[in-house]
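A short write-up of the structure that comes next.
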Amino acid sequence: VDIITQKADIGVNHDTTYSQIVADVLGMRYEDINMRSFNDVGFELMTADGSCNLCSNGYVVRKAAKRCKQRLLEAATTACLSEARSGEVSYQEIPPAFPGMEPDDLDVKDSYVFEKANPENKKTVAEVVKNTPQTQSAYQEPVYAYAWHRQGRFGAEIGSHRLLRQAHFIEVEVDTETGEVEITNVVNVNDVGKVINWGGCEGQSYGGMYMAMGGARSERMIYDPMTGVLLNGNLEGYKWTTIKDVGPIKTILLETSLGYGPYGAGGIGENVSDHPVTLLGLAIHNAIDKWIDSYPITPDKVLKALGKI
Numbered sequence: 030v031d032i033i034t035q036k037a038d039i040g041v042n043h044d045t046t047y048s049q050i051v052a053d054v055l056g057m058r059y060e061d062i063n064m065r066s067f068n069d070v071g072f073e074l075m076t077a078d079g080s081c082n083l084c085s086n087g088y089v090v091r092k093a094a095k096r097c098k099q100r101l102l103e104a105a106t107t108a109c110l111s112e113a114r115s116g117e118v119s120y121q122e123i124p125p126a127f128p129g130m131e132p133d134d135l136d137v138k139d140s141y142v143f144e145k146a147n148p149e150n151k152k153t154v155a156e157v158v159k160n161t162p163q164t165q166s167a168y169q170e171p172v173y174a175y176a177w178h179r180q181g182r183f184g185a186e187i188g189s190h191r192l193l194r195q196a197h198f199i200e201v202e203v204d205t206e207t208g209e210v211e212i213t214n215v216v217n218v219n220d221v222g223k224v225i226n227w228g229g230c231e232g233q234s235y236g237g238m239y240m241a242m243g244g245a246r247s248e249r250m251i252y253d254p255m256t257g258v259l260l261n262g263n264l265e266g267y268k269w270t271t272i273k274d275v276g277p278i279k280t281i282l283l284e285t286s287l288g289y290g291p292y293g294a295g296g297i298g299e300n301v302s303d304h305p306v307t308l309l310g311l312a313i314h315n316a317i318d319k320w321i322d323s324y325p326i327t328p329d330k331v332l333k334a335l336g337k338i
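So, in structure tokens, the structure goes:
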């Protein structure tokens with residue numbers, strides 16, 4: 030099974046997630062699903078795929094897989110004509126893979142189409158589709174389906190938007206002599222509705238926290254006041270946060286199935302990269318009993334708040 034798409038890969042493991050969805054809905058083995066990316070043809074995914082757009086794309090991929098499964102079962106129970114050339118064009122009827130049955134009599138599991146009443150009566154998907162005539166619009170596989178995003182929020186069904194909840198906790202130590210802030214412990218609690226891919230969700234929790242702490246503590250664009258030229262448009266002068274700049278991070282994922290995406294999945298990326306920015310300021314206030322109301326919170330601002338410069 031090929032998922033033919035136009036998309037950008039931002040490294041949040043969404044290819045795996047879409048393949049998992051298609052495998053589950055179609056009844057295929059995961060290893061039989063391929064992501065085929067093109068620049069000029071195919072289903073155009075909404076990007077980036079880190080949060081709400083992954084849920085939108087997952088919703089649409091799931092809908093396409095449902096249609097494809099129905100067409101697969103129809104192909105398994107329908108005779109077809111095959112073109113035969115022997116001096117002149119002629120056609121011969123090829124019986125269906127499951128003669129005398131209706132699509133509702135069949136199901137798919139582990140890349141096999143089987144009879145519900147007699148699961149031992151089964152054939153591989155490849156056997157079912159091998160004689161199905163191919164068309165110009167289905168040049169990769171003879172059984173195909175296409176779906177699109179609905180107009181409206183997140184591409185989900187109307188009325189399925191629900192509130193998911195997140196909570197973040199940060200512990201810091203502040204050196205009152207140097208103004209340095211050390212982030213010693215972080216806990217992220219994310220209600221993601223449904224975890225389809227654990228690696229992708231955990232990766233976004235960790236990566237989002239690094240992004241948030243970078244925005245809160247070090248990242249800023251510095252311009253020459255005379256010319257307006259950006260002075261630190263590089264990875265040497267723009268101080269972004271790495272794994273070595275934050276203490277232990279514990280990620281807790283909750284599953285409530287309250288999301289708007291497939292299986293009740295919801296977004297995760299934006300929350301964990303945005304809200305903890307202000308949380309760092311609160312933690313520093315608890316440590317030194319002084320407010321710092323501008324970001325990033327650099328050592329000189331801490332010392333100024335303490336009245337030392």
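Mapping of the sequence shown onto the numbering used here: residues 30 to 338, in sequence order. Backbone N, C-alpha and C fix where the C-beta goes; we use that ideal spot for every residue, glycine too.
| query | result |
| --- | --- |
| Closest by C-alpha distance to Asn63, when choosing among Asp31, Lys98, Leu193 and Asp134 | Asp31 |
| Ala176, DSSP secondary structure in three states | coil |
| Beta-carbon gap between Val54 and Lys95 smaller than 8 Å | yes |
| Simplified DSSP assignment, three categories, for Cys81 | helix |
| Straight-line Cα distance separating Arg100 from Tyr173 | 7 Å |
| Where Val224 falls: helix, strand or coil (DSSP) | coil |
| Limits of the alpha helix (DSSP H) - the one that Asp31 falls within | That residue, Asp31, is in no alpha helix (DSSP H); its beta strand (DSSP E) goes Asp31 to Gln35. |
| Identity of the residues DSSP links to Asp136 by a beta bridge | Phe143 |
| Per DSSP, cross-strand counterpart(s) of Lys151 | Phe143 |
| Inter-stretch contact at 8 Å, needing at least 3 Cβ pairs: the stretch 252 to 266 / the stretch 316 to 332 | no |
| Cα-Cα separation between Leu332 and Glu211, rounded to whole angstroms | 15 Å |
| Under the three-state DSSP convention, the category Ser247 falls into | coil |
| Pair within 8 Å by beta-carbon distance, Ala241 and Val203 | no |
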